[in-house]
Amino acid sequence: MNASAFNFPARSHEEPAMIAPQPTRMSLIQIVEDDLPLAATLAAGLESRGYRAVCSANAADAMEQARRQRPDLLLCDINMPRRNGHQLLRDFRADPALADCQIVLMTGNAMHAQPRAGMDLGADDFLLKPFTLDTLANCVAARLERAGHQRRAEERLLRELRASLGETLPHELFTPLGGIIGFSEMLAEESRTKNQDDAHSAAHHILRSGERLHRTLRNYLAVLGLGAGDSNSSVETLAAASVGQVIARGVRTAAVRRERTADVVLELSPAPLRATPDDLTVIVDELTDNALKFSPRGSPVRVNVAEDAGRLTLTFIDRGRGLTASQIQAIGMFRQFDRRKFEQQGLGLGLAVVRQALHRLDGELKFASAVGEGTTVQVHLPIHRPPAEDGR
88 MNASAFNFPA RSHEEPAMIA PQPTRMSLIQ IVEDDLPLAA TLAAGLESRG
138 YRAVCSANAA DAMEQARRQR PDLLLCDINM PRRNGHQLLR DFRADPALAD
188 CQIVLMTGNA MHAQPRAGMD LGADDFLLKP FTLDTLANCV AARLERAGHQ
238 RRAEERLLRE LRASLGETLP HELFTPLGGI IGFSEMLAEE SRTKNQDDAH
288 SAAHHILRSG ERLHRTLRNY LAVLGLGAGD SNSSVETLAA ASVGQVIARG
338 VRTAAVRRER TADVVLELSP APLRATPDDL TVIVDELTDN ALKFSPRGSP
388 VRVNVAEDAG RLTLTFIDRG RGLTASQIQA IGMFRQFDRR KFEQQGLGLG
438 LAVVRQALHR LDGELKFASA VGEGTTVQVH LPIHRPPAED GR
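Using the numbering used here, you'd call the opening residue of the sequence shown number 88 and step up by one each time.
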């Protein structure tokens, strides 16, 4: 149908006044129409109703443009040369990136006015030309609203699944793992006292493997937001002595895990914090572990804790291989650099968990490093002193 015959006819007196809901955002409508003046008319009409519109003259251009711009809805003529609207519909539904796009077919040829055929191929709606701007706008708004309802329903199901996993998965994973670790500790101690070297070595490896798996699961679930409980609910004021105990325990845990207790030097001058013991433990444990993991055995790892400009600063210094400036910028979740060259265990989750904990505690993380010389990591945490203590 030519463009001159398609000028959004005025509503008749019998046609009810349907006002399309205004789009809540600038939804993108892709128009596929080989009649370019008609496509421009449709685009102008949709833009007057608050949508963005782009036009494609044929199916090949439409696919390329859709992959670039990801439209919210495709308005497609059926009768086009080479590849018609039904074929383009199949292409969209076969492409994982475009399969969820709302698709409305249109035709001005009564011979093609068979909505069922298009619906069977996956079309969402059908328009017979000529149609009014209100009819088009109502159709587009209804399809986008339905897509929004479906998207929100899927998001709700994902939230429910996430909540369900958060309630059950940690228990199902950590309870049997706790048994493995607990009984291997008993076995290791018993074999050590009875001088059973082979049994003691086996128990020791079981214990270390269990602890490694426990730590990996803890970090993985924390990154996914599936950890047991909400860390914010247990934030408390930790006295300086308690802060010192938590930090010392975290440093020692990492040193024992890496079997490098003799390499770690801890200088501790703690101050009171608003924190959770768990978050503080994770920060200290993970950063000490990283310093040990990426430095040679026998080289010193220094952990310094001191007040600095109203903040408690934790400094972790190693003499390992160091990082380049670009690697420091790219530090993030699941990232280990030079993994093939320097094989290390772990998924790279530790720093992601540290960042989460620091976010909850209003803390700050800084890196300084030189390749071949080592890395210095600093954590800054706000000090919290009760008013009576400030007055002294």
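Beta carbons: idealized from backbone N, C-alpha and C, even for Gly.
Alpha carbon to alpha carbon, what distance is there between His301 and Gly409?
28 angstroms
Counting pairs of beta carbons, one from the region 150-157 and one from the region 175-187, are three or more of them closer than 8 angstroms?
yes
Which residue from Gly209, Leu223 and Leu208 puts its Cα closest to that of Leu215?
It is Leu223.
How long is the line joining the alpha carbons of Phe213 and Val191, rounded to whole angstroms?
5 angstroms
Compute the Euclidean distance between the alpha carbons of Ile118 and Met206, then round it to the nearest angstrom.
18 angstroms
How do the region 341-355 and the region 382-395 stand: do at least 3 beta-carbon pairs fall below 8 angstroms, yes or no?
Contact between the region 341-355 and the region 382-395 is present, because at least three Cβ pairs lie under 8 angstroms.
Per DSSP, what kind of secondary structure is Leu162 in: helix, strand or coil?
strand
Consult DSSP for Leu468 and reduce its assignment to one of helix, strand or coil.
strand
Are the beta-carbon atoms belonging to Leu176 and Leu208 less than 8 angstroms from one another?
yes
Can you tell me which residues form a DSSP beta bridge with Gly172?
Answer is none; Gly172 lacks a bridge partner.
Answer yes or no: do Leu374 and Val464 have a C-beta to C-beta separation smaller than 8 angstroms?
yes
Once the 5 residues before and after Ser320 are set aside, which same chain residues still bring their CB inside 6 angstroms of it?
Any reading at Ser320 is ruled out, since the residue's pLDDT is 49, under 50, leaving its predicted position unreliable.
Label Gly450 either buried or exposed according to how many other C-beta atoms from any shown protein chain fall within 10 Å of its C-beta, with 16 as the threshold for buried.
buried
On the CB-based measure, 16 or more other CB atoms within 10 Å of its CB, does Met273 come out buried or exposed?
exposed
Measuring alpha carbon to alpha carbon, tell me which of Ser135, Leu125 and Phe218 ends up nearest Cys142.
Leu125
DSSP puts Met193 in a beta bridge; with which residues?
Asp164 and Leu214
Which class does Ala362 belong to by DSSP, given the choice of helix, strand or coil?
Of the three classes helix, strand and coil, the one that applies to Ala362 here is strand, per DSSP.
How long is the line joining the alpha carbons of Ala327 and Pro473, rounded to whole angstroms?
About 12 angstroms.
Figure out for me which residue from Leu220, Asp148 and Gly137 has the closest Cα to the Cα of Leu129.
Out of Leu220, Asp148 and Gly137, Leu220 has the C-alpha closest to the C-alpha of Leu129.
Which residue spans inside the region 334-393 form an unbroken beta strand (DSSP E) run of at least 3?
351-355 and 360-362
Assuming the contact rule is C-beta atoms closer than 8 angstroms, Ala358 and Val390 should be a hit. Round their C-beta distance to whole Å, please.
Going by Cβ atoms, the distance from Ala358 to Val390 rounds to 15 angstroms, so no, they are not a contact pair.
Closer than 7 angstroms by C-beta to Gly437: which residues in its own chain qualify, once you throw out the five before and the five after it? Chain order, please.
Asn306, Glu373, Asp376 and Asn377
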